[in-house]
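One structure below.
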Amino acid sequence: TKEQYAAAATAYREALRESPERNGGSFSLQQHRSIRQELAIIRRLTADNASQQSNLDEMDDVTGRFLSYAAETIHLRQIQGASGAAAKIDLQRGHELMERIRSLIHIMQAEESHLLALRTEADDISGQQDAWMTFISLAFFYAAMALSVSLYQNSQARARTQMLLYTEELEK
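Using the numbering used here, you'd call the opening residue of the sequence shown number 2 and step up by one each time.
What follows is the structure in structure tokens.
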């Protein structure tokens, strides 16, 4: 999404530099669709994260305001020309909207990085627990097998002893 917003800002600046006769409306339509599609994808990927959904709601609002501002600015320039539109364009508003968008992107990336770190840590802990459980299970299995072999050998030794006693009894 960060790349989409950078592309939108670049396309917006290029549309402002174009001659008023050229169609700058394609900027708004193309960028609007592209950004909205990216936001929809991110919304689906973060559906289980209420915080990110809240951030996306704000991003939708700010994006809508920026795209409206960009379309108005380009339209004004097309109608009044570069010099006539320059006095009426509020560059500070556009800058503030882009800064808010960048800030939201940074916040969302930081939150996702934090969540990824937590998930990775939990996965590592789970992996360690699995390894210990496997080791303990193998140790228990080995001990059970050793006990079984020992009991079997003792049973066989008693059976031989019993057989010797029985044969001695028979020989008497």
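For glycine and all other residues, C-beta sits at the position ideal for the given N, C-alpha and C.
Note that the coordinates shown come from a computational prediction; the quantities given were computed from them, not determined experimentally.
Nearest to residue i (by Cα), restricted to the options the options
i: residue 37; options: 50, 60, 54, 48; result: 60
i: residue 53; options: 111, 146, 132; result: 111
i: residue 69; options: 57, 4, 91, 82; result: 91
Inter-residue Cα distance where the pair is residue i and residue j
i: residue 50; j: residue 149; result: 52 Å
i: residue 132; j: residue 125; result: 10 Å
i: residue 144; j: residue 137; result: 10 Å
i: residue 139; j: residue 168; result: 43 Å
i: residue 89; j: residue 115; result: 43 Å
i: residue 42; j: residue 48; result: 10 Å
Distance CB(residue i)-CB(residue j) smaller than 8 Å
i: residue 63; j: residue 108; result: no
i: residue 105; j: residue 56; result: yes
i: residue 95; j: residue 74; result: yes
Status (buried if at least 16 other CB within 10 Å, exposed otherwise) for residue i
i: residue 46; result: exposed
i: residue 67; result: buried
i: residue 25; result: Reliability of the predicted coordinates at residue 25 is poor, the pLDDT of 45 falling under 50, and no value is obtained from them.
i: residue 160; result: exposed
i: residue 34; result: exposed
i: residue 71; result: buried
Proximity test, residue i beta-carbon vs the ligand GDP heavy atom, cut-off 7 Å
i: residue 39; result: Within the structure as shown, the ligand GDP is missing, as the structure has no ligands at all.
Quiz item: In the stretch 86-172, which residue ranges form an unbroken alpha helix (DSSP H) of at least 4 residues, counting only runs that do not cross its ends?
Solution: 92-172
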